Amino acid sequence: MVHQIIGYFGAFLFAICAVPQVVKTWKTKKAGDLSLLFLLFWFFGELLTFTYIIVDDLLLGITHYPLYINYLFNIVLVSYLLYAKKYYID
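Residues in the sequence shown are numbered from 346 upward in steps of one, following my numbering.
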């Protein structure tokens, strides 16, 4: 039980670490200083790792809800940053 609480807390911290950048980008409507390569590596790293976790969990018959929450939230955040990078004109 304690390890699950630690897992949820860690996933929460990882999930919110991109929020300050998303908020700043949202407010300023500027994303020019964000590295496109970094954002692409981050996006595909999150997506592929999330896919691996789901497939592995299905094969093993287990679930890792903290990881699901973390990866889904980060995929949404980095998707917004990629959108901002493409459509916001600095």
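Glycine included, every Cβ here is placed at the ideal spot set by N, Cα and C. Note that the structure is predicted; figures quoted are calculated from it, not measured.
Please say whether residue j and residue i have beta carbons closer to each other than 7 Å?
i      : j      : result
Leu422 : Val367 : yes
Phe354 : Asn415 : no
Lys374 : Tyr433 : yes
Ser402 : Thr408 : For the sequence presented, residue 402 should be read as Asp rather than Ser. Their beta carbons are under 7 Å apart, which means Asp402 touches Thr408 by this criterion.
Can you give the beta carbon distance from residue i to residue j, rounded, assuming they're within the 8 Å contact cut?
i      : j      : result
Pro411 : Ala356 : 4 Å
Ile420 : Leu392 : 6 Å
Ser424 : Phe386 : With 8 Å as the limit, Ser424 and Phe386 do not qualify as a contact, their Cβ atoms being about 14 Å apart.
By the 10 Å Cβ neighbour count, where 16 or more other Cβ atoms means buried, how is residue i classified, buried or exposed?
i      : result
Leu426 : buried
Lys430 : buried
How far does the alpha helix (DSSP H) with residue i in it reach, from first residue to last?
i      : result
Ala438 : In this structure the chain extends from 346 to 435, so residue 438 is not present and cannot be described.
Leu358 : 347 to 361
Leu381 : 381 to 405
Lys372 : 364 to 373
Counting contacts by CB-CB distance shorter than 7 Å, is residue i in contact with chain B?
i      : result
Tyr433 : Here chain B cannot be found, since the structure has a single protein chain.
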